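Visitor:
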Amino acid sequence: MRLLKTIPVLAFVLFAYSGSVDAQCKAFAKKECLPELGGYTHDGNYHAAVLVEGEEAELYKTFYSDMEYRIAIVGEDKLPSIEFKILDVNKNVLYSNKDKDYAPTWDFKLQSSQQLKVVVKVTSFNKPGDTPASGCVAIMFGFKLKK
Amino acid sequence: MNRKYGISSGILVVLIVILGLSAGCKGGKKAAQKDVTVDMPKDNTEILQDIKQAEKIFNALPSPLESAMLIKSAGAMFEDNLLNPVSNVNTYVTNKSMALNLGIYTCDLSIASMYEQTQLLIDYMNAAKKMADGLGILKAIEQADIDKLEENINNGEVIMDIVSQTFMNSNSYLEDNGQPATAAMVLVGGWIEGLYISTQLVDMKEFNGNKLVGRIIDQKLSIDILLDLLNSSKGNPAVDELMVQVAKLKAVFDKIKIDTTPIRPEYDQASNTTILKSEIKTDMTPPVFMELASTVMEIRNSFVK
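Heads up: the protein sequence lines correspond to chains A and B, in order. Heads up, my numbering is the position in the first sequence plus 95, with the first residue counted as 1. Heads up, my numbering is the position in the second sequence plus 141, with the first residue counted as 1.
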């Protein structure tokens with residue numbers, strides 16, 4: 096009987112916890128990632144997820160010619176460095192922030208419109224035996240307004 | 142003691158099951174990708190392969206604000222008669238129509254803000270608020286946001302911040318509250334509205350070399366992203382209906398050929414910006430454009446009716 100009473104309570108607690116993690120990710124994205132866009136206008140899209148050490152996420156987006164973009168990718172402090180790469184449709188790497196000391200932003204523009212792939216990877220602390228760190232990673236895009 | 146142990150084990154099992162289900166929900170985007178059935182162009186086969194393998198996938202359509210920016214930067218003139226009248230707001234009562242029209246009104250208010258149409262901007266913000274409220278999206282657009290808009294009506298930067306923030310609030314609320322299908326419908330509504338307004342603004346007498354036509358052709362690059370986005374909520378009847386409509390649109394986009402040369406990244410130290418250089422060749426003819434415009438109009442009219 097006690098178990099029957101416990102199940103719904105546990106289910107509720109876990110569901111509420113899951114929602115609260117998502118809400119925390121949104122708050123983190125707003126507080127830590129959005130300011131990284133600096134003078135670029137945030138496009139309004141929101142991409143954030145809880146990732147674990149070594150885990151990857153991918154994002155597909157079309158970028159337009161003659162627009163000036165900034166991509167900002169930020170992870171919570173408890174995570175190791177966040178690596179991101181930009182690839183074209185033929186999987187050629189166009190940029191990797193690993194070469195720039197894991198810089199959280201990259202400014203770019205395109206001569207012609209392209210669909211690009213953003214690959215985000217949480218690197219590892221390389222501490223075997225430790226519980227892998229996990230935390231929010233947020234991806235945001237900004238563009239410069241044209242008069 | 143044994144009984145206590147039994148209950149603890151039971152709780153453990155329940156925890157594992159619930160955590161497993163929870164993880165399954167979180168990875169829903171990945172799982173749903175296995176069901177992709179819409180035909181993809183050959184050059185996107187490899188991308189689709191990657192999609193099946195990745196841990197977390199995001200499909201990013203141009204936001205309404207970006208669509209509005211693309212229209213304005215192409216030099217198009219503002220025409221308020223192309224926007225969905227705010228008087229239609231009370232006719233949207235289903236979840237699907239409210240979601241699509243939240244996207245549509247957000248696109249319209251983005252366009253009004255880009256073209257500094259201050260009164261229209263406030264009217265459309267109110268219409269979007271009504272849609273967001275109807276969908277139960279808490280705090281997406283609050284009266285305080287509308288008051289702040291009115292107070293800063295001549296401050297373009299503040300206006301853009303409010304517009305992008307309200308869109309982010311609705312988008313994130315739906316994603317975070319297990320409503321990805323509704324979130325996808327909002328994005329589809331906004332994207333179709335931007336495409337509809339763009340196609341209607343093209344002057345056929347100045348078709349060749351028209352920058353806006355170029356922007357419309359560019360949307361072919363997003364049609365597979367759009368289908369992937371919808372595909373992740375396949376099985377939802379409203380989404381399934383949209384997939385049929387979008388597949389019709391894709392069939393027209395498939396008549397347009399886009400050839401690009403390999404991308405050469407060039408770093409400009411002075412501006413600390415990388416320029417991705419490549420040349421593009423496209424071949425949209427006026428008849429294909431007319432077919433595209435008519436298909437887009439048919440879809441958009443079905444959204445706003």
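Each residue gets a CB set at the ideal place from its N, CA and C atoms; glycine is no exception. Because the structure is a prediction, the values reported are computed rather than measured.
1. From this set, B/265, B/258, B/255 and B/207, which residue's C-alpha is nearest residue 242 of chain B's C-alpha?
2. Starting from the C-beta of residue 330 of chain B, find all residues in its chain whose C-beta is less than 7 Å away, skip the five residues before and the five after it, and write them out in chain order.
3. Verify the CB distance criterion: does residue 355 of chain B have a CB-CB separation below 9 Å to chain A?
4. Can you tell me which of the three DSSP states residue 429 of chain B falls into?
5. Along chain B, which residues have their Cβ under 9 Å away from the Cβ of residue 233 of chain A?
6. Enumerate, from N- to C-terminal direction, the unbroken alpha helix (DSSP H) stretches of 4 or more residues contained entirely within the segment 289-367 of chain B.
7. Bridge partners for residue 231 of chain A per DSSP, in chain order?
8. Spell out whether any CB of chain B is found under 9 Å from the CB atom of residue 241 of chain A.
9. Can you look up residue 189 of chain A in the DSSP assignment and give me helix, strand or coil?
10. From the DSSP output, in three-state form, read off residue 219 of chain B for me.
11. Should residue 138 of chain A and residue 238 of chain A be called a contact, given that it needs their Cβ atoms to be closer than 9 Å?
12. Per DSSP, what are the beta-bridge partners of residue 393 of chain B in this structure?
13. Considering only C-alpha positions, which residue in the set B/430, B/436 and B/342 is nearest to residue 385 of chain B?
14. With respect to the alpha helix (DSSP H) encompassing residue 260 of chain B, which residues constitute its N-terminal and C-terminal limits?
15. Quick one: give me the first and last residue of the beta strand (DSSP E) that residue 422 of chain B is part of.
16. Under a CB-based cut-off of 9 Å, is residue 139 of chain A close to chain B?
17. Cβ atoms of residue 232 of chain A and residue 171 of chain A: under 9 Å apart, would you say?
18. For residue 236 of chain B, report the span of its alpha helix (DSSP H) as first-last.
19. Which word fits residue 403 of chain B, buried or exposed, when buried means at least 16 other C-beta atoms lie within 10 angstroms of its C-beta?
20. Within the continuous alpha helix (DSSP H) that includes residue 211 of chain B, where are the two ends?
21. Any Cβ of chain A within less than 9 Å of the Cβ of residue 245 of chain B?
22. Quick check on residue 171 of chain B: does DSSP put it in helix, strand or coil?
23. Whole angstroms is fine: what's the gap from residue 236 of chain A's alpha carbon to residue 199 of chain A's?
24. How far does the beta strand (DSSP E) with residue 408 of chain B in it extend, from its first residue to its last?
25. Using the three-state DSSP reduction, which class does residue 414 of chain B fall into: helix, strand or coil?
26. Mind pulling the chain A residues with CB within less than 9 Å of residue 366 of chain B?
27. Assuming the contact rule is C-beta atoms closer than 8 Å, residue 140 of chain A and residue 419 of chain B should be a hit. Round their C-beta distance to whole Å, please.
Guide: In this structure, then:
1. B/265
2. 240, 241, 242, 243, 244, 245 and 444
3. yes
4. helix
5. Under the 9 Å cutoff, chain B gives no residues; its nearest Cβ is about 10 Å from residue 233 of chain A.
6. 297-317, 321-342 and 352-359
7. A/145
8. yes
9. strand
10. coil
11. yes
12. According to DSSP, which records beta bridges pairwise, residue 393 of chain B is partnered with nothing at all.
13. B/436
14. 259-275
15. 421-423
16. yes
17. yes
18. 236-255
19. exposed
20. 205-214
21. no
22. For residue 171 of chain B, the predicted structure reports a pLDDT of 36, less than 50, and the residue's modelled location is therefore unreliable. A value from the coordinates is still provided. Helix at residue 171 of chain B.
23. 12 Å
24. 405-409
25. strand
26. 155, 156, 157 and 210
27. Contact doesn't hold; Cβ gap of about 24 Å is too wide.
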